[in-house]
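Engineer: In the working numbering, the protein residues as written are 116 to 390.
Before I ask anything, let me first share the structure, which is written out below as structure tokens.
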């Protein structure tokens, strides 16, 4: 009996000590575990009665799209801590990659993205990422491999925006001219990516202001007659950095000590005419 009472006292002291030193931590850990369990048992599950964002595009030859949607939940919060042991919570995010079907002849695809993601967390659309990548570049340079792509990043309504973007209402129709670019470095294989005036992804903020369906069109024109080149050559031994970069443009212009392409310098002169 005395042993049992002693055990109870010890356990009580331990629990009291834990509570004094970290009740918030314990509470948050339990809360996070519960939300995680509920999210797994009632996961992302868009209701049939929904609003939809239609995404359409046409992929140029030898390219393909990647489409992802980001959802946010103000019900399922993630716990974070600072160096000073301050605990705070932030909305949770859920990324969904969509397996889109692109017509092998026309390059056309169409996908509908639900506004409400459902589930225990009550997911709501936050952003849409649509990028375009090469899948084959041997027609440009034999033995080269596909590199980075380009595309668009659409922030929905009042989602947090980290990059400046173009405001749009209910629909976006984006039709940029894009170019291949070569990255030739002394220590890697030739790489060919895609480039447009936004450099990487074009940012938009799409405000949905009416109770109807919404639309995003992305129809790029790929001009393969002009291909700027980023050349990274090796410096002599003992010289740092090891690489020395320059950018060569189709009309013969060269930017020394740079690995950043200037879209405005890609002009109408075809570099293939002299080859």
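Glycine included, every Cβ here is placed at the ideal spot set by N, Cα and C.
These figures come from a predicted structure and were not determined experimentally.
In three-state terms, what does DSSP make of residue 183?
Structural biologist: Looking up residue 183 in the chain shown gives position 68. Reduced to three states, the DSSP call for residue 183 is strand.
Engineer: Is residue 364 helix, strand or coil by DSSP?
Structural biologist: Sequence index remark: in the chain shown, residue 364 carries index 249 (1-based). DSSP places residue 364 in coil when its eight states are reduced to three.
Engineer: Is it true that the CB of residue 309 sits closer than 9 Å to the CB of residue 169?
Structural biologist: Against the chain shown, residue 169 aligns to sequence position 54. Against the chain shown, residue 309 aligns to sequence position 194. Not a contact, by the Cβ cut-off of 9 Å.
Engineer: Give me the Cα-Cα distance between residue 378 and residue 314, rounded to the nearest whole angstrom.
Structural biologist: For the purposes of this step, residue 378 is identified with residue 263 of the chain shown, where counting begins at 1. For the purposes of this step, residue 314 is identified with residue 199 of the chain shown, where counting begins at 1. Cα-Cα distance, rounded: 8 Å.
Engineer: Under 8 Å: do the segment 199-211 and the segment 354-362 share three or more Cβ pairs, one atom per stretch?
Structural biologist: no
Engineer: Verify whether the separation of the beta carbon atoms of residue 267 and residue 215 is less than 9 Å.
Structural biologist: Translated into positions along the chain shown, residue 267 becomes position 152. Translated into positions along the chain shown, residue 215 becomes position 100. Their beta carbons are not under 9 Å apart, which means residue 267 does not touch residue 215 by this criterion.
Engineer: Residues bridged to residue 254 by DSSP?
Structural biologist: Here residue 254 corresponds to residue number 139 of the chain shown, with the count starting at 1. Residue 254 is not bridged to any residue.
Engineer: Going by DSSP, what residues sit across from residue 212 in a beta bridge?
Structural biologist: The sequence position of residue 212 within the chain shown is 97, counting from 1. Note: residue 212 sits in a beta bridge opposite 183.
Engineer: Please work out which residues of its chain come closer than 6 Å, Cβ to Cβ, to residue 79, disregarding the five sequence neighbours upstream and downstream, and give them in chain order.
Structural biologist: Outside the shown range of the chain (116 to 390) lies residue 79, about which nothing can therefore be said.
Engineer: Please identify the residue among 213, 236, 279 whose C-alpha is closest to the C-alpha of residue 245.
Structural biologist: As a working note, residue 245 is residue 130 in the chain shown. Answer by Cα proximity: 213.
Engineer: What are the boundary residues of the beta strand (DSSP E) that residue 238 is part of?
Structural biologist: The residue you call residue 238 lines up with position 123 of the chain shown. Element bounds for residue 238: 238-249.
Engineer: Using the Cα positions of residue 221 and residue 334, report the straight-line distance between them to the nearest angstrom.
Structural biologist: Counted from its first residue, the chain shown places residue 221 at position 106. Counted from its first residue, the chain shown places residue 334 at position 219. In this structure, the straight-line span from the alpha carbon of residue 221 to that of residue 334 is close to 12 Å.
Engineer: Taking only runs of the beta strand (DSSP E) that begin and end inside the segment 319-351, which ones reach a length of at least 3 residues, in chain order?
Structural biologist: 329-333, 344-349
Engineer: DSSP puts residue 227 in a beta bridge; with which residues?
Structural biologist: Translated into the one-based positions of the chain shown, residue 227 becomes position 112. Per DSSP, 169.
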